[in-house]
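Step one of this worksheet: look at the structure below.
In the numbering used here, the protein residues as written are 784 to 1161.
Spelled out as structure tokens, the structure:
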């Protein structure tokens, strides 16, 4: 389980620690782990199984197939589909007991038509657009939605959700969007008191405790992304990302780096070649800014292709084939976080991890021991 040259190690102990920390932090609201995009690159099924064993009752994904994947792996409890669901997918949603997020009157009616044909009540969440311009009803449609739901007893309103457009913006901006959401909810909750309200995701969780409401959706925080945590929240990084040096050589001044000779060396440079490229999370935007730890020192990315990347190790003594390379994690007395690596390429952590192919094996550990591996071979 340890023969992979390039790999990510997923510390399941840290995952469960973070989950319990978040459960306590948002109580009495409940945590909804977001497992979309292969659990932000960590591996949806292994992550979901650990959370289910820890008592998690709600999970969220973006696409219908992601929900099917979890059901086929034995995940129970509510699985919310946060993304687009079309009427042609409704039969599949019902068959796998997935809960859609609906944001049009036509979709409510189509969901109800299916429920009547199946002879059972089907749950759903309402999606409200409060300023992001994505899925959902506009706030002023609340009365119209209420009138429609009164005519559709075959479907059951389980929740009402939205998402802030910019949690890092001013308090006034976010207060305005939250008030829009609250007004919409007030119209519905009086008649549907069982409906859970949820608007807070990771960044809102850190900034606006008044937005915890009934459910809190958590993605990046669950995986220990390095936000600015309050002192009462102790989270640990779940993932480390390592590779090995594949070749070391001197290249002369003027030599090209990468396809199309986009960059040329201004001076003779000692280069370490790594067996990972833009199919593995890195991108051209990392050139000149992205770094990795080799022999306890930072080396800078100077060239990249689909499957290879070149780092300047002129200043690092004795770099050799097989040396460990740390892209995310600790080496000697230095470390690099996932957000530092991502931001160096103008990305978010979720963008970087979501673009990291499964050929980068995920090794799952607990208490220092490998539990399982997820890769293109397993």
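Quick reminder that beta carbons are idealized off the backbone N, C-alpha and C, glycines included.
Around the Cβ of residue 1009, a 10 Å sphere holds fewer than 16 other Cβ atoms; the residue is exposed. Inter-segment contact for the region 1047-1061 and the region 1025-1037 is present: three or more beta-carbon pairs are separated by less than 8 Å.
Secondary structure at residue 845: coil, using DSSP grouped into helix, strand and coil. Burial state of residue 838 is exposed, judged by a 10 Å Cβ sphere holding fewer than 16 other Cβ atoms.
Non-local beta-carbon contacts of residue 1046 in its own chain, meaning distances under 8 Å to residues more than five positions away in sequence, involve 1039, 1040, 1070, 1085 and 1086 in chain order. Nearest Cα to residue 967 within the set 927, 1012 and 1061: 927. Residue range 1092-1095 is occupied by the beta strand (DSSP E) that includes residue 1093.
The closest CA to that of residue 1079, considering only 1098, 964 and 1091, is found on 1098. Closest in alpha carbon position to residue 1000, among 1018, 1118, 819 and 1068, is 819.
By the C-beta criterion, the region 802-814 is judged not to be in contact with the region 1020-1030, since fewer than 3 inter-stretch pairs fall below 8 Å. When DSSP reads this structure, residue 981 sits in a beta bridge with 944. Counting C-beta pairs closer than 8 Å gives three or more between the region 820-835 and the region 1137-1157, which meets the contact rule. Spatial neighbours of residue 879 in its own chain (CB-CB distance under 7 Å, excluding positions within 5 residues in sequence) are listed in chain order as 850, 851 and 854. Cβ-Cβ distances below 6 Å link residue 1129 to 1068 in the same chain, with the five nearest sequence neighbours on each side left out; the list follows chain order.
Rounded to whole angstroms, the separation of the alpha carbons of residue 873 and residue 892 is 12 Å. The shortest C-alpha to C-alpha distance from residue 847 to any of 1122, 876, 841 and 970 is the one to 876. Here residue 970 has 925, 926 and 929 as same chain residues with Cβ atoms under 7 Å from its own Cβ, once five neighbours each way along the sequence are excluded. Taking the Cα positions, residue 803 is about 29 Å away from residue 1116. Between residue 1119 and residue 984, the alpha-carbon positions lie close to 25 Å from each other. A distance of 8 Å or more separates the beta carbons of residue 912 and residue 905.
If you draw a straight line from the Cα of residue 1105 to the Cα of residue 1005, it comes to about 33 Å. When the alpha-carbon of residue 1091 is set against those of 896, 1127, 1114 and 1026, the nearest one is in 1026. DSSP places residue 1087 inside the beta strand (DSSP E), whose first and last residues are 1080-1087.
Membership of residue 1122 in the alpha helix (DSSP H) is indicated by the continuous run 1121-1127. For residue 880, the three-state secondary structure derived from DSSP is coil. For the set 946, 981 and 932, the Cα lying nearest the Cα of residue 940 is the one of 932. Counting C-beta atoms within 10 angstroms of its own C-beta, residue 1042 has fewer than 16 neighbours from the protein chains shown and is therefore classed as exposed. Within the region 907-952, the complete beta strand (DSSP E) runs of at least 3 residues fall at 938-944. A direct Cα-Cα distance of roughly 15 Å separates residue 1015 from residue 991.
Residue 977 and residue 942 have their C-alpha atoms some 8 Å from each other.
8 Å or more divides the Cβ of residue 1056 from the Cβ of residue 1065. Cβ-Cβ separation between residue 862 and residue 825: approximately 17 Å, too far for a contact (criterion under 8 Å). Beyond the five residues adjoining it in sequence on each side, residue 1011 comes within less than 8 Å, by CB distance, of 989 in the same chain, given in chain order. By the neighbour-count criterion, in which a residue is buried when 16 or more other Cβ atoms sit within 10 angstroms of its Cβ, residue 1114 is buried.
As far as DSSP is concerned, residue 1042 takes part in no beta bridge. Nearest in C-alpha terms to residue 996, of all of 962, 1074 and 956, is 962.
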